[in-house]
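S.K.: Got a structure here, written out as structure tokens. Questions coming.
Protein chains: 2
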Amino acid sequence: MSATISRLKPTASAPRPDFRNLDFGNCPVRDLLNQISGKWSTLLLQALADRPYRFGELRRMVPDISQRMLTQTLRDLQRDGYIHREVFATKPPSVEYSMTPLGRSLYSPLSEVIKWALENHEAVKTARQHFEAEA
Amino acid sequence: MSATISRLKPTASAPRPDFRNLDFGNCPVRDLLNQISGKWSTLLLQALADRPYRFGELRRMVPDISQRMLTQTLRDLQRDGYIHREVFATKPPSVEYSMTPLGRSLYSPLSEVIKWALENHEAVKTARQHFEAEA
DNA sequence: CCGTATCCGGCTTGATACTG
DNA sequence: CAGTATCAAGCCGGATACGG
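Those protein sequence lines, which keep their order, are chains A and B. To convert, note that position 118 of the first sequence is 118 in the UniProt record's numbering; the numbers rise steadily by one, no gaps. To convert, note that position 4 of the second sequence is 4 in the UniProt record's numbering; the numbers rise steadily by one, no gaps.
Shown next as structure tokens:
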């Protein structure tokens, strides 16, 4: 997931590229992908791409997420600027989450990957079966 | 990461949607994303999108991957049909990895996400700083 | 050169119980 | 309704050593 993969200089004399920009701080792709590849992140982005939802709604839409992970994942997405959190001082209080422009701009390419996954799931499952068969 | 997020039926009488297609076997997106979101998967796909490489070359291109994870990640990618593994009976033996058509078709949308990450890393870092500042 | 085996520490996640 | 705190379990990934 590095931004720039260390390409070996064809005739490099250095014994080792030692191209240490792979840590999360310096490699944007690993840094960002690390977040959105969390177990629940993409799922929640998909949900909020539709329209804003409240905490409890999201909880019901994703029955097998724990309250803990829902809170945590939403806060991480908010932290990175993908979603907006708005508290309504109703009684009892409610909190609504919605996508930011940044979140939408991410979701645009991300949804293409999701689409690919839906369209090619069978192909991958077939590949897996073939792989097992060879063992 | 589910294929189809359980949308609450507006006037549903059921106390709970109980829409359990979120397990990895049935949810394509979570199933596939789970693989490519491994710590090294995207990085290796990027490398092999360029051209085929041998094991040792990849190892040097990604200095901080362990031999264990390189072998394992490559095998997982091969298992899902994204890359091809070819052994050459040279002396000493060498193994070359290359992308399959399926792998290329995945990399196409995936590279757009990577591109997004490169272009928007600063925006995300800024968002993080603002988030911290509010605490 | 390429791959496997073993051990093991840490992060991530889930379960549960509790507050404003 | 939303969120926090705490604790324990499981998986992932790293180090190291060995084998074909």
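Glycine included, C-beta positions come from ideal geometry on N, C-alpha and C.
(1) How far does the beta strand (DSSP E) with A:Tyr107 in it extend, from its first residue to its last?
(2) Can you list the residues of chain A that B:Gly81 reaches, using a CB-CB cut of under 7 Å?
(3) Can you have a look at B:Val87 and say buried or exposed, based on whether 16 or more other CB atoms are within 10 angstroms of its CB?
(4) Determine the DSSP secondary structure at A:Asp62, reduced to helix, strand or coil.
(5) How should A:Gln46 be labelled, buried or exposed, when 16 other C-beta atoms within 10 angstroms of its C-beta is the threshold for buried?
(6) Grouping DSSP H, G and I as helix and E and B as strand, with all else coil, what is A:Arg51?
(7) Using a C-beta to C-beta distance shorter than 8 Å, which residues of chain A count as neighbours of B:Ser66?
(8) Taking 8 Å as the limit between beta carbons, can you name the residues of its chain near B:Met61, skipping five residues before and five after?
(9) Is the shortest distance between the beta-carbon of A:Ala117 and the beta-carbons of chain B less than 8 Å?
(10) Identify the residues that DSSP records as bridge partners of B:Arg85: which are they?
(11) Under 8 Å between beta-carbons, which chain B residues line up against A:Gln78? List them in chain order, please.
(12) With B:Pro28 as the anchor, note down where its alpha helix (DSSP H) starts and where it stops.
(13) Use the C-beta contact count for A:Ser37: other C-beta atoms within 10 angstroms, 16 or more gives buried, fewer gives exposed.
(14) With DSSP as the reference, label A:Asp76 as helix, strand or coil.
(15) May I have the straight-line CA-CA distance separating A:Thr100 from B:Gln78, to the nearest angstrom?
(16) I'd like to know whether the C-beta atoms of A:Asp80 and B:Val29 end up nearer to each other than 8 Å.
(17) Can a CB atom of chain B be found closer than 8 Å to the CB of A:Thr71?
(18) What is the rounded straight-line gap between the Cα of A:Ser94 and the Cα of A:Leu70?
(19) Look at the alpha carbon of B:Asn120 and the alpha carbon of B:Arg68, and state the distance between them as a whole number of angstroms.
(20) Since B:Ala49 and B:Tyr107 should fall inside the 8 Å C-beta cutoff, what is the C-beta to C-beta distance between them, to a whole number of angstroms?
(21) When you compare only the Cα positions, how much space is there between A:His130 and A:Gly56?
(22) At a Cβ threshold of 8 Å, is A:Ser37 touching chain B?
(23) Does any C-beta atom of chain A lie closer than 8 Å to the C-beta of B:Glu112?
(24) On a Cα-Cα basis, can you pick out the residue from B:Leu110, B:Arg104, B:Thr126, B:Trp40 that is closest to residue 164 of chain B?
(25) Any C-beta of chain B sitting closer than 8 Å to the C-beta of A:Leu106?
(26) Just how far apart, CA to CA, sit A:Gly103 and B:Trp116?
M.R.: The relevant details are as follows:
(1) First-last for A:Tyr107: 101 to 134, but that is the alpha helix (DSSP H), not the beta strand (DSSP E).
(2) Below the 7 Å Cβ cutoff, chain A contributes Ala123, Val124, Ala127 as neighbours of B:Gly81, in chain order.
(3) With fewer than 16 other Cβ atoms within 10 Å, it is exposed.
(4) Contrary to the premise, residue 62 of chain A reads as Val rather than Asp in this sequence. Here A:Val62 sits in coil by DSSP.
(5) Buried.
(6) Of the three classes helix, strand and coil, the one that applies to A:Arg51 here is coil, per DSSP.
(7) Chain A residues near B:Ser66: none, gap ~13 Å exceeds 8 Å.
(8) Hits under 8 Å: Ala47, Tyr53.
(9) Yes, because at least one Cβ of chain B sits closer than 8 Å to the Cβ of A:Ala117.
(10) Answer is B:Tyr97.
(11) Within chain B, the residues near A:Gln78 are Phe131.
(12) Start and end: 28 to 36.
(13) Its Cβ being crowded by 16 or more others within 10 Å, A:Ser37 is buried.
(14) In the three-state reduction of the DSSP assignment, A:Asp76 falls in the helix class, which pools H, G and I.
(15) C-alpha separation (whole angstroms): 37 Å.
(16) Against a cut-off of 8 Å, the Cβ pair of B:Val29 and A:Asp80 comes out as no contact.
(17) Using beta-carbon distances, A:Thr71 does not count as an interface residue toward chain B, since no partner is under 8 Å.
(18) Approximately 15 Å, taken between the alpha carbons.
(19) Cα to Cα, the separation comes out at about 32 Å.
(20) At roughly 5 Å, the Cβ-Cβ gap stays under 8 Å, so B:Ala49 and B:Tyr107 are in contact.
(21) Distance between the alpha carbons of A:His130 and A:Gly56: 43 Å.
(22) Chain B contact via Cβ: present.
(23) By this cut-off, B:Glu112 is an interface position.
(24) With chain B running from 1 to 135 in the structure shown, residue 164 of chain B is simply not present.
(25) Taking Cβ atoms only, chain B reaches closer than 8 Å to A:Leu106, which makes this a yes.
(26) Using only the alpha carbons, I get a separation of about 11 Å.
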